[in-house]
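Okay, so the sequence shown: first residue is 12 according to the working numbering, each after it adds one.
All residues carry an ideal CB built from backbone N, CA and C; glycine is no exception.
Here is the structure we will look at.
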Amino acid sequence: MLYNFEPSDNNLHFTGTQINYYFVCKRKLWFFSHNMELESDSDLVLMGKLLHEHSYKRKSLKEVEIDRIKIDFIEKSKEIHEVKRSRKIENAHVYQLLYYLYSLKKTANWVGKGVLDYPLIKKKVEVELTPDREAELENILVQIRGIISQERPPEAEWKSYCKSCAYRELCWG
Numbered sequence: 012m013l014y015n016f017e018p019s020d021n022n023l024h025f026t027g028t029q030i031n032y033y034f035v036c037k038r039k040l041w042f043f044s045h046n047m048e049l050e051s052d053s054d055l056v057l058m059g060k061l062l063h064e065h066s067y068k069r070k071s072l073k074e075v076e077i078d079r080i081k082i083d084f085i086e087k088s089k090e091i092h093e094v095k096r097s098r099k100i101e102n103a104h105v106y107q108l109l110y111y112l113y114s115l116k117k118t119a120n121w122v123g124k125g126v127l128d129y130p131l132i133k134k135k136v137e138v139e140l141t142p143d144r145e146a147e148l149e150n151i152l153v154q155i156r157g158i159i160s161q162e163r164p165p166e167a168e169w170k171s172y173c174k175s176c177a178y179r180e181l182c183w184g
């Protein structure tokens with residue numbers, strides 16, 4: 012399902028992936044934002060897609076695309092869900108979901124809550140866009156805009172998940 016809104020707000024021109032990458036790796040964010048998308052061959056990304064396809068099969072509003080965001084599924088109770096494989100980078104997941112809530116609030120005056128679903132470990136985490144979190148998110152969006160507007164990517168910084176990153180060769184190759 013695809014809905015198009017014309018965002019007048021500069022803060023609504025990002026994808027959920029960009030928000031997620033801000034917390035995971037700023038260099039990866041820069042590469043992705045400059046059309047260097049290397050994850051189509053990633054086994055981890057493929058496993059995540061398979062998990063999403065085979066979990067929650069009975070949900071009727073699955074993969075709802077609104078402008079640049081893609082919501083995994085929506086419950087009738089005004090609840091958007093994001094399905095993730097692991098809680099390892101949960102903070103990135105939380106802010107990705109906060110961005111979805113923020114986008115829906117700004118484009119459609121829709122206020123609801125979000126839920127992170129971790130089906131492999133049978134956990135759910137509720138996420139709410141509070142005024143404090145909204146202000147924090149707006150500050151993060153300014154920082155993201157600054158990172159992606161740089162001429163060159165930020166310096167490589169080794170993190171534990173670099174060993175399985177699709178961008179590894181660009182940083183450490």
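Beta bridge pairing from DSSP links TYR129 with LYS134. When Cβ pairs closer than 8 Å are counted between the two stretches, the stretch 118-127 is seen not to touch the stretch 141-156, the count staying below three. Each of HIS24, SER171, LYS135 and TYR111 was checked against the Cα of ARG96, and the nearest Cα belongs to LYS135.
For PHE43, the enclosing alpha helix (DSSP H) covers residues 37-44.
Looking at the backbone, the Cα of TRP183 and that of TYR33 are separated by about 19 Å. THR141 counts as exposed, since fewer than 16 other beta carbons sit within 10 angstroms of its beta carbon. In this structure, TYR111 lies near ILE91, with their beta-carbon atoms less than 8 Å apart. If you compare the alpha carbons of ILE77, VAL35, ARG144 and GLU180 with that of HIS24, the shortest gap goes to ILE77. Contact annotation: ILE85 and THR26 have beta-carbon atoms that are not nearer than 8 Å. By the C-beta density criterion, GLU137 is exposed, having fewer than 16 other C-beta atoms within 10 angstroms.
If you look at LYS174, you'll find it isn't in any alpha helix (DSSP H); DSSP assigns it neither H nor E.
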